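Residue numbers (my numbering), protein chains in the order written: chain A, -2 to 174; chain B, -2 to 174.
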């Protein structure tokens, strides 16, 4: 049971949209993923196939205004393929692409209701960022996205220890010049 | 009646979200603009203020995987400030930022129902891209975004004539190596 992991292409968009809501357990997700991610960030986004059938995808990008940072926007795995290690393989592909482009850290946010996603990111070596509230012991940033969309924020180093906040601020201020 | 145009910052996000749906005439738009655009693309995104009050904003980015392309994702102007030339000023700021980063063309999509937006882009020198349907004589790409979200696609050169399709394909294929 091996997966083919390749770069995402614009042609994948209709299929991904057609499966998304089902893959997220009926939550209406498709409108949160505009086509632009399949057009302008394909070199750090991936599709996974098994026997020619879409098994998962990841869309991510290199931060344009925060040097050294990469961001994972959406990751989906066919419910029938869960537990196969595919999520881990998609993340590994993204980490390698981000590191090859000089990134030292990866950020991702998830929903507090998505306990599987929270547990997955903890297993993948992500650290929880602080929030302004707590849900079941997990720090949550309330009203983070859109109208009151609470989010759990994660960060992961690509090179051992995370850079200090001071080093991050310095890199941002250098880039703004 | 002059506007201050400055780079967008993460701190602008809650205010923009709070006004968006009203600025779009009651259409629920806020969920289409996640915070990531206010964190990772601030060097090509702008806020406009008059007397310290938010009058408009533009979020855009440089395409990561299509060399020479820039993309405008969301532009909003306070209804009370329309007709003032602010949209034109925001676009000019974006064009200058994109050109300074080596871009030769800008893409944008809008909704077929948004006739003001279509007319604005035509006045700003954008050309209509072909579609697979027509609405009131305007070419429309059906099912472009999300579930059946029809879109009108625009393209504008930053340096006189648009590059040929062949030159665009060549640039993409070079970058993919």
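Glycine is no exception: its CB is placed at the ideal position from the N, C-alpha and C atoms. This one's a predicted model, so the numbers in the text were calculated from it and none came from an experiment.
Checking 8 Å against the spacing of the C-beta atoms, do residue i and residue j come in under that value?
| i | j | result |
| --- | --- | --- |
| residue 42 of chain A | residue 4 of chain A | yes |
| residue 63 of chain B | residue 106 of chain B | no |
| residue 148 of chain A | residue 114 of chain A | no |
| residue 102 of chain B | residue 126 of chain B | no |
| residue 153 of chain B | residue 122 of chain B | yes |
| residue 52 of chain B | residue 72 of chain B | no |
| residue 8 of chain B | residue 18 of chain B | no |
| residue 128 of chain A | residue 137 of chain A | yes |
| residue 10 of chain B | residue 38 of chain B | no |
| residue 112 of chain A | residue 68 of chain A | no |
For chain A, check one thing: does any of its Cβ atoms lie closer than 8 Å to the Cβ of residue i?
| i | result |
| --- | --- |
| residue 31 of chain B | yes |
| residue 70 of chain B | yes |
| residue 61 of chain B | yes |
| residue 2 of chain B | no |
| residue 123 of chain B | no |
| residue 152 of chain B | no |
| residue 28 of chain B | yes |
Answer with buried or exposed for residue i, where buried requires no fewer than 16 other C-beta atoms within 10 angstroms of its C-beta.
| i | result |
| --- | --- |
| residue 31 of chain B | buried |
| residue 95 of chain A | buried |
| residue 156 of chain B | exposed |
| residue 98 of chain B | exposed |
| residue 86 of chain A | buried |
| residue 120 of chain B | exposed |
| residue 83 of chain B | buried |
| residue 44 of chain A | buried |
| residue 80 of chain B | exposed |
| residue 110 of chain B | exposed |
| residue 145 of chain A | exposed |
| residue 57 of chain A | buried |
Nearer than 7 Å: is that true of the beta carbon of residue i relative to any heavy atom of the ligand COA?
| i | result |
| --- | --- |
| residue 139 of chain A | The ligand COA is not part of the structure shown, which contains no ligands of any sort. |
To the nearest whole angstrom, what separates the beta carbons of residue i and residue j, a pair I think is in contact under 8 Å?
| i | j | result |
| --- | --- | --- |
| residue 70 of chain A | residue 33 of chain B | 7 Å |
| residue 47 of chain B | residue 91 of chain B | Incorrect: roughly 19 Å between the Cβ atoms, too far for contact. |
Shorter than 8 Å from the beta carbon of residue i to some beta carbon of chain B?
| i | result |
| --- | --- |
| residue 133 of chain A | no |
| residue 115 of chain A | no |
| residue 8 of chain A | no |
| residue 129 of chain A | no |
Inset, instruction - Please list the residues of the region 137 to 150 of chain B that have a C-beta atom closer than 8 Å to any C-beta atom in chain A, keeping them in chain order. - result: Against chain A - using a Cβ distance shorter than 8 Å - the residues of the region 137 to 150 of chain B are 140, 141, 142, 143, 144, 146.
Legend entry - Chain-ordered residues of the region 31 to 53 of chain B with a beta carbon less than 8 Å from chain A: Under the 8 Å Cβ criterion, the region 31 to 53 of chain B contributes 31, 32, 33, 36, 37, 38, 39, 40, 41.
Legend entry - Residues of the region 91 to 107 of chain B with Cβ closer than 7 Å to any Cβ of chain A, in chain order: Cβ contacts with chain A come from no residue of the region 91 to 107 of chain B.
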